[in-house]
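Residues 1 to 817, numbered by the UniProt record's numbering, are exactly what the sequence shown covers, in order.
No residue lacks a Cβ here, since even glycine has one placed at the ideal position from N, Cα and C.
Data first, discussion second: the structure below is written as structure tokens.
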Amino acid sequence: MSDEKHTLQKKIEQYVIQEITRLLPQETSHMDWNVNISEMGIKKRLLAKAIENQANIQLSPTIFFQCETIAELSAFLYREHKNNFSSFLVDQVDNLTNIGVVSKEEQTISEVAVDKDIAIIGMSGKFPMAKNIQQFWDNIITQCDVIREVPKSRWDIDQWFSPQKLPNKMYCKWGGFIDDVDKFDPLFFGISPKEAVWMDPQLRILLETIYASIEDAGYAKKIRGSNTGVYVGTFSRDYWDEIARRNIAINSSYEYTSSMNYMLSGRVSHIFDLQGPCMPVDNACASSLGAIYLAVQDLRRGKCSLAFVAATNLILSPLRYNAYCQMGAYSASGRCHTFSDVADGYVPGEGVAALLLKPLANAVRDRDNIHAIIKGVAINHTGKSQSIFAPRPKLQTNVIVEAWQDAQLSFKDASFIEAHGTGTKLGDPIEIQALTQSFTQQTSSKQFCHIGSIKSQIGHLEAAAGLAGVIKVVLSMQHKKIPVMYGYRNPNPLLQMEQTPFLINREVIHWESERRIAGVSSFGITGNNSHAVIEEYEKFPIQLAEAYPTIFILSAKNEQQLEEYVFSWRTYIQKNKITHFPSALYSLQIGREEMDFRLAIVASNVQQLQKRLQHYPQQHQDIFYGKIQQRDIMPNNTPQKSLHEIAKSWVQGHNIDWQSLYPEQKPWKISLPTYPFARNSYWIPKNNEVSSDTNMLLAGFPSKRLPAYPHLPQHYVWEVQISAKEEFIHQQKMQKNIFVSAGVYIEIITAAARQIHQKSIDIQNMRYDKILFLSKNENKTLQAVLHETSFSIYSIDNDDWQLHAHGQISLGEENGI
Numbered sequence: 001m002s003d004e005k006h007t008l009q010k011k012i013e014q015y016v017i018q019e020i021t022r023l024l025p026q027e028t029s030h031m032d033w034n035v036n037i038s039e040m041g042i043k044k045r046l047l048a049k050a051i052e053n054q055a056n057i058q059l060s061p062t063i064f065f066q067c068e069t070i071a072e073l074s075a076f077l078y079r080e081h082k083n084n085f086s087s088f089l090v091d092q093v094d095n096l097t098n099i100g101v102v103s104k105e106e107q108t109i110s111e112v113a114v115d116k117d118i119a120i121i122g123m124s125g126k127f128p129m130a131k132n133i134q135q136f137w138d139n140i141i142t143q144c145d146v147i148r149e150v151p152k153s154r155w156d157i158d159q160w161f162s163p164q165k166l167p168n169k170m171y172c173k174w175g176g177f178i179d180d181v182d183k184f185d186p187l188f189f190g191i192s193p194k195e196a197v198w199m200d201p202q203l204r205i206l207l208e209t210i211y212a213s214i215e216d217a218g219y220a221k222k223i224r225g226s227n228t229g230v231y232v233g234t235f236s237r238d239y240w241d242e243i244a245r246r247n248i249a250i251n252s253s254y255e256y257t258s259s260m261n262y263m264l265s266g267r268v269s270h271i272f273d274l275q276g277p278c279m280p281v282d283n284a285c286a287s288s289l290g291a292i293y294l295a296v297q298d299l300r301r302g303k304c305s306l307a308f309v310a311a312t313n314l315i316l317s318p319l320r321y322n323a324y325c326q327m328g329a330y331s332a333s334g335r336c337h338t339f340s341d342v343a344d345g346y347v348p349g350e351g352v353a354a355l356l357l358k359p360l361a362n363a364v365r366d367r368d369n370i371h372a373i374i375k376g377v378a379i380n381h382t383g384k385s386q387s388i389f390a391p392r393p394k395l396q397t398n399v400i401v402e403a404w405q406d407a408q409l410s411f412k413d414a415s416f417i418e419a420h421g422t423g424t425k426l427g428d429p430i431e432i433q434a435l436t437q438s439f440t441q442q443t444s445s446k447q448f449c450h451i452g453s454i455k456s457q458i459g460h461l462e463a464a465a466g467l468a469g470v471i472k473v474v475l476s477m478q479h480k481k482i483p484v485m486y487g488y489r490n491p492n493p494l495l496q497m498e499q500t501p502f503l504i505n506r507e508v509i510h511w512e513s514e515r516r517i518a519g520v521s522s523f524g525i526t527g528n529n530s531h532a533v534i535e536e537y538e539k540f541p542i543q544l545a546e547a548y549p550t551i552f553i554l555s556a557k558n559e560q561q562l563e564e565y566v567f568s569w570r571t572y573i574q575k576n577k578i579t580h581f582p583s584a585l586y587s588l589q590i591g592r593e594e595m596d597f598r599l600a601i602v603a604s605n606v607q608q609l610q611k612r613l614q615h616y617p618q619q620h621q622d623i624f625y626g627k628i629q630q631r632d633i634m635p636n637n638t639p640q641k642s643l644h645e646i647a648k649s650w651v652q653g654h655n656i657d658w659q660s661l662y663p664e665q666k667p668w669k670i671s672l673p674t675y676p677f678a679r680n681s682y683w684i685p686k687n688n689e690v691s692s693d694t695n696m697l698l699a700g701f702p703s704k705r706l707p708a709y710p711h712l713p714q715h716y717v718w719e720v721q722i723s724a725k726e727e728f729i730h731q732q733k734m735q736k737n738i739f740v741s742a743g744v745y746i747e748i749i750t751a752a753a754r755q756i757h758q759k760s761i762d763i764q765n766m767r768y769d770k771i772l773f774l775s776k777n778e779n780k781t782l783q784a785v786l787h788e789t790s791f792s793i794y795s796i797d798n799d800d801w802q803l804h805a806h807g808q809i810s811l812g813e814e815n816g817i
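What follows is the structure, encoded as structure tokens:
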């Protein structure tokens with residue numbers, strides 16, 4: 001054999017191993033590449049199809065009867081198709097240099113191939129009229145109309161709206177809005193109530209959404225301190241616009257910086273102690289797919305082991321809304337009519353979403369909760385077009401082709417495209433033209449690939465649009481359904497859809513395909529183009545030993561949130577079928593943070609669990625709950641205890657080595673209800689609440705500064721009004737009684753010291769003198785008395801002042817960055 005022939009045949013052999021490795025249905029730490037291909041556990045028809053598409057050849061259905069081993073198949077491919085492989089493998093050299101046939105003892109997955117595939121292992125989001133992605137899917141599949149007029153809580157639309165396109169007036173007053181954008185649980189993240197008021201709501205909701213994706217992935221116990229990247233798509237600062245528009249005074253550095261876009265990524269990395277790359281990504285409407293691109297590249301290069309891709313878009317100020325009306329971008333009809341003959345622009349929509357990404361081989365190895373696979377990504381820029389806002393079909397075509405090349409897939413494999421689809425008469429036809437030019441490079445088939453856009457239902461989520469499209473595609477793959485594109489009636493005649501590879505379904509259809517593969521596009525207003533290729537992932541079943549720890553556990557920061565958690569689980573079990581009970585228990589045991597208020601239930605199946613959850617909080621021999629007494633550092637000798645002993649021990653605060661209870665096979669992690677955050681409103685003051693020295697919000701409470709007492713001339717006195725109705729007070733309970741926690745006192749003292757001294761302070765030797773209990777709706781007046789070195793906090797009761805806390809303070813540096 002000549003050297004040239006030997007080299008090419010070796011490359012073909014390496015290529016075949018790479019394709020087989022990609023199709024392996026389970027973790028393969030050792031594989032004998034000399035065994036019959038039929039014994040490797042792969043779908044041979046998928047292997048044949050991949051080889052056909054990539055090498056542009058045709059294989060007989062009987063090929064694996066002729067060629068039973070890798071060596072035989074490689075020799076056949078060289079003999080019959082060496083010209084095709086000679087040209088095809090020129091572009092594959094870099095990917096194949098580390099691939100080789102080695103002994104069974106030496107072979108591992110990481111040595112077989114450079115794995116470019118990236119798994120989505122955590123997924124969460126909030127969208128118009130959808131508090132989570134399950135509600136998002138329900139709205140999609142039932143065609144729920146989520147577009148409405150601008151809520152009065154945002155701004156008075158009557159003062160801004162005019163159906164005529166007038167200067168400084170809005171001709172559009174509709175959009176897709178998230179409920180409760182003012183609600184937050186700051187104490188969960190160690191954030192003070194006062195700082196929460198100034199923090200951009202995009203960041204608040206982002207923190208909660210990131211945490212939900214961590215729980216969805218089952219990584220709450222091990223994410224902190226990890227080499228995890230954070231990439232956040234964003235481009236608006238509406239909250240800061242409102243602060244400026246209302247002329248609200250800024251009194252400290254964090255009041256200014258809390259609304260900066262760099263805080264969106266930076267605060268996430270800080271709070272969760274994530275030590276990988278960290279950056280906001282602002283490419284307008286292409287921001288979130290651009291964030292996916294950066295995350296995928298860093299994961300492939302080993303710059304991080306995990307990566308969060310997130311995006312935010314909230315509509316909080318009339319200024320941006322008005323500006324886009326002046327541009328003529330928004331729809332006067334109040335709907336995004338994608339690909340329609342009545343298309344007249346888009347309506348904006350709100351959304352906050354997050355994905356947790358990980359290299360696929362590692363995710364399979366760790367039995368992660370794999371939602372789907374990112375196969376390929378690409379970004380580019382339009383360059384110099386007719387204007388900064390004008391698209392160029394050629395550059396859109398280029399980015400789509402590059403993404404599918406990166407995925408090493410053919411357009412013949414595509415069965416769905418989630419289009420950018422902003423609903424403009426010229427923009428939509430340009431996008432269809434670009435897609436058609438991409439597909440026709442490889443196929444002349446017509447109307448075989450479905451196309452749609454989520455924008456027709458929820459509006460254009462701008463910086464978060466790409467992630468909304470990706471999540472819609474992933475959910476469609478999981479449910480094996482292609483939804484209807486909301487409101488679509490008649491096509492834009494410029495599209496000429498019958499001459500393209502694309503068709504729009506008018507009813508929900510079952511997604512029939514051996515491999516469900518889709519593309520997602522986002523095109524930014526200033527020329528940033530992006531495209532991603534997504535493939536479904538089907539988990540193989542896990543066979544567990546008959547005995548496994550049938551202990552259901554939940555925990556929360558306080559009693560009220562634990563009760564809400566239980567309620568969410570009751571609802572979840574009623575509405576959803578848990579197909580693998582051990583996976584549900586395992587995901588909770590090893591994947592959720594263990595907080596102070598705990599519930600453990602011994603239940604051998606879903607039906608038993610459902611009954612026990614209805615029984616809680618009544619006493620039962622299988623139910624254990626309460627607040628932990630102490631935390632153990634070292635795990636107990638768990639396997640030697642009974643299930644009831646383990647459950648009781650965990651509720652008391654002992655450290656359980658849950659992994660040791662699965663000595664053989666471990667289940668997959670799965671998606672389950674996530675933590676129910678406390679809901680309390682934090683918002684910048686109305687115009688008549690603007691801070692002053694004598695009447696202000698102190699640490700989130702109404703307050704005023706009083707004159708110094710005659711007998712304490714060197715002291716400063718602040719009077720503060722608190723209420724048991726405030727969530728961060730109401731959630732502090734001791735045997736059902738509401739009490740004021742030390743955290744509230746610390747916030748009041750810290751805020752007052754900043755106002756008086758314009759410096760940070762350290763609180764030392766704080767002492768509780770008397771616990772302050774409150775009835776359900778009670779209001780109470782507190783007085784904080786400060787000296788340069790000490791403080792005291794009092795309440796008034798029947799004209800009698802009671803001391804509740806006192807301590808020392810030391811002044812730090814002047815406020816600054």
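Practice item. Over the uninterrupted alpha helix (DSSP H) stretch that includes C325, give me the two end residues. Key: Along the sequence shown, read from residue 1 onward, the residue named residue 325 stands at position 325. Per DSSP, the unbroken alpha helix (DSSP H) holding C325 starts and ends at P318 to M327.
Exercise for review: Determine the DSSP secondary structure at N576, reduced to helix, strand or coil.
Suggested key: Reading the sequence shown from its first residue, position 576 is the one you call residue 576. Reduced to three states, the DSSP call for N576 is coil.
Point to revise | Cβ pair L562, L588 closer than 8 Å | key: As a first step, residue 562 must be located in the sequence shown, where it is residue number 562. As a first step, residue 588 must be located in the sequence shown, where it is residue number 588. No, the pair does not count as a contact, with Cβ atoms beyond the cut-off.
Review point. Just how far apart, CA to CA, sit T526 and D216?
Key: The count along the sequence shown starts at 1 and reaches residue 526 at position 526. The count along the sequence shown starts at 1 and reaches residue 216 at position 216. The C-alpha of T526 lies about 35 Å from the C-alpha of D216.
Exercise for review: Whole angstroms is fine: what's the gap from residue 830's alpha carbon to V35's?
Suggested key: Residue 830 lies beyond the residue range present for the chain, which begins at 1 and ends at 817; the question has no answer from this structure.
Exercise for review: Note down, in chain order, each residue of its chain lying with its Cβ closer than 7 Å to the Cβ of G349, except the 5 sequence neighbours on either side.
Suggested key: Reading the sequence shown from its first residue, position 349 is the one you call residue 349. Counting only residues of its own chain and dropping the five nearest sequence neighbours on each side, G349 has a CB closer than 7 Å to the CB of P128, G175, G176, I458, G459, H460 and L461.
**Study point:** Beta bridge counterpart(s) of G351 as assigned by DSSP
**Key:** Residue numbering aside, residue 351 sits at position 351 when the sequence shown is read from its first letter. According to DSSP, which records beta bridges pairwise, G351 is partnered with N313.
Practice item. Since I believe S317 is in contact with A463 (beta carbons under 8 Å), could you give me their beta-carbon distance rounded to a whole number of angstroms? Key: On the sequence shown, residue 463 is found 463 positions in, with the first residue counted as 1. On the sequence shown, residue 317 is found 317 positions in, with the first residue counted as 1. About 15 Å separates the two Cβ atoms, so there is no contact after all.
Exercise for review: Determine the contact status of I623 and H615, defining contact as a CB-CB distance below 8 Å.
Suggested key: Residue mapping note: residue 623 aligns to position 623 of the sequence shown, counting from 1. Residue mapping note: residue 615 aligns to position 615 of the sequence shown, counting from 1. The beta carbons of I623 and H615 sit closer together than 8 Å.
Practice item. Report the partner residues of V717 according to the DSSP bridge assignment. Key: Along the sequence shown, read from residue 1 onward, the residue named residue 717 stands at position 717. L706 and V785.
Check your understanding: Quick one: Cα of I17 to Cα of V146, how far?
Key -> Taking the sequence shown and counting its residues from 1, the one referred to as residue 17 is at position 17. Taking the sequence shown and counting its residues from 1, the one referred to as residue 146 is at position 146. When rounded, the distance between both Cα atoms is 48 Å.
**Study point:** beta strand (DSSP E) segment containing residue 841, residue limits
**Key:** The displayed coordinates of the chain run from 1 to 817. Any statement about residue 841 would go beyond what the structure contains.
Review point. CA-CA distance, V470 and P549?
Key: One-based indexing of the sequence shown puts residue 470 at position 470. One-based indexing of the sequence shown puts residue 549 at position 549. In this model, V470 and P549 are separated by some 36 Å (Cα to Cα).
Practice item. Would you check if there are 3 or more beta carbon pairs closer than 8 Å linking the stretch 771-789 to the stretch 715-727? Key: yes
Point to revise | Beta carbon of I141 nearer than 8 Å to that of P483 | key: Residue 141 sits at position 141 when you count from the first residue of the sequence shown. Residue 483 sits at position 483 when you count from the first residue of the sequence shown. A contact, by the Cβ cut-off of 8 Å.
Review point. Hey, how far is the Cα of G328 from the Cα of W650?
Key: Residue mapping note: residue 328 aligns to position 328 of the sequence shown, counting from 1. Residue mapping note: residue 650 aligns to position 650 of the sequence shown, counting from 1. Each residue's Cα considered, the two are about 60 Å apart.
**Study point:** Residue closest to S790, alpha-carbon to alpha-carbon, out of D762, H337 and K770
**Key:** Translated into positions along the sequence shown, residue 790 becomes position 790. It is D762 whose Cα lies nearest to the Cα of S790.
Review point. From I538 to V473, what does the alpha carbon distance come to, in whole angstroms?
Key: By one-based count along the sequence shown, residue 538 stands at place 538. By one-based count along the sequence shown, residue 473 stands at place 473. It is Glu, not Ile, that sits at residue 538 in the sequence shown. So the two alpha carbons sit approximately 15 Å from each other.
Check your understanding: Does the stretch 406-422 come close enough to the stretch 518-535 to have 3 or more Cβ pairs within less than 8 Å?
Key -> With a cut-off of 8 Å on Cβ pairs, the stretch 406-422 is in contact with the stretch 518-535, counting three or more such pairs.
Exercise for review: Locate the beta strand (DSSP E) running through P280, then write down its first and last residues.
Suggested key: In the sequence shown, counting from the first residue as 1, residue 280 sits at position 280. It spans C278 to V281 - the beta strand (DSSP E) in which P280 sits, taken as one unbroken run.
Check your understanding: Mapping DSSP to helix, strand and coil, what is D156?
Key -> Here residue 156 is taken as the residue at index 156 of the sequence shown, counted from 1. In the structure shown, D156 sits in coil (DSSP, three-state: anything other than H, G, I, E or B).
Review point. Where does the unbroken alpha helix (DSSP H) through Y78 begin, and where does it stop?
Key: Within the sequence shown, residue 78 is the residue found at index 78, counting from 1. Counting along the chain, the alpha helix (DSSP H) containing Y78 begins and ends at I70 to F88.
Point to revise | Counted within 10 angstroms of its Cβ, other Cβ atoms place P493 as buried (16 or more) or exposed | key: Here residue 493 refers to the residue found at position 493 when the sequence shown is read from its first residue. Per the 10 Å Cβ criterion, exposed.
**Study point:** beta strand (DSSP E) segments (min. 3 residues) lying fully within the stretch 383-451
**Key:** When DSSP assignments are scanned along the stretch 383-451, the uninterrupted stretches of beta strand (DSSP E) that are 3 or more residues long and fall wholly within it turn out to be 416-418.
Exercise for review: Take K221 and list the residues in its own chain whose beta-carbon comes closer than 6 Å to its own, dropping the five residues that flank it on each side.
Suggested key: Residue 221 sits at position 221 when you count from the first residue of the sequence shown. There are no such residues.
**Study point:** Nearest to V347 (by Cα), restricted to the options K303, V377, A310 and T422
**Key:** Indexing the sequence shown from 1 puts residue 347 at position 347. Checking every option, the nearest Cα to that of V347 belongs to T422.
Check your understanding: Excluding the five sequence neighbours on either side, which residues of its own chain have a C-beta within less than 8 Å of the C-beta of L8, listed in chain order?
Key -> Numbered from its first residue, the sequence shown carries residue 8 at position 8. Closer than 8 Å at the Cβ level, and outside the excluded window around L8, lie Y78, K82, F85, S86 and L89.
Exercise for review: May I have the straight-line CA-CA distance separating L554 from Y565, to the nearest angstrom?
Suggested key: Here residue 554 is taken as the residue at index 554 of the sequence shown, counted from 1. Here residue 565 is taken as the residue at index 565 of the sequence shown, counted from 1. Distance between the alpha carbons of L554 and Y565: 8 Å.
Review point. By Cβ distance, which residues of its chain are closer than 8 Å to I214, with the 5 residues on each side in sequence left out?
Key: Locating residue 214 in the sequence shown gives position 214, where the first residue counts as 1. The answer, listed in chain order, is G122, A220, I223, F272 and L356.
Exercise for review: Return the chain-ordered list of same chain residues with a C-beta closer than 7 Å to the C-beta of D180, the five sequence neighbours on each side being excluded.
Suggested key: Taking the first residue of the sequence shown as 1, we reach residue 180 at position 180. Closer than 7 Å at the Cβ level, and outside the excluded window around D180, lie R679.
Review point. In angstroms, rounded to a whole number, what distance separates the CA positions of K611 and D185?
Key: Stepping through the sequence shown from its first residue, residue 611 is reached at position 611. Stepping through the sequence shown from its first residue, residue 185 is reached at position 185. In a straight line, the C-alpha of K611 is about 30 Å away from that of D185.
Review point. Within 10 angstroms of its Cβ, does G125 collect 16 or more other Cβ (buried), or is it exposed?
Key: Counted from its first residue, the sequence shown places residue 125 at position 125. Buried is the call here.
Practice item. With a threshold of 16 other CB atoms inside 10 Å of the CB of E498, please say whether the residue is buried or exposed. Key: One-based indexing of the sequence shown puts residue 498 at position 498. With fewer than 16 Cβ atoms within 10 Å of its Cβ, E498 is classed as exposed.
**Study point:** Segment contact, 8 Å Cβ cut-off, at least three pairs: the stretch 193-204 with the stretch 360-367
**Key:** Flag = no, the stretch 193-204 and the stretch 360-367 do not touch.
Review point. Going by the CB atoms, is the gap between E431 and residue 822 shorter than 8 Å?
Key: Residue 822 lies beyond the residue range present for the chain, which begins at 1 and ends at 817; the question has no answer from this structure.
Review point. In terms of alpha-carbon separation, which member of T234, W240 and S259 lies closest to I292?
Key: As a first step, residue 292 is located in the sequence shown; it is residue number 292 there, counting from the start. Comparing C-alpha distances from I292 to each of T234, W240 and S259 shows the shortest one belongs to T234.
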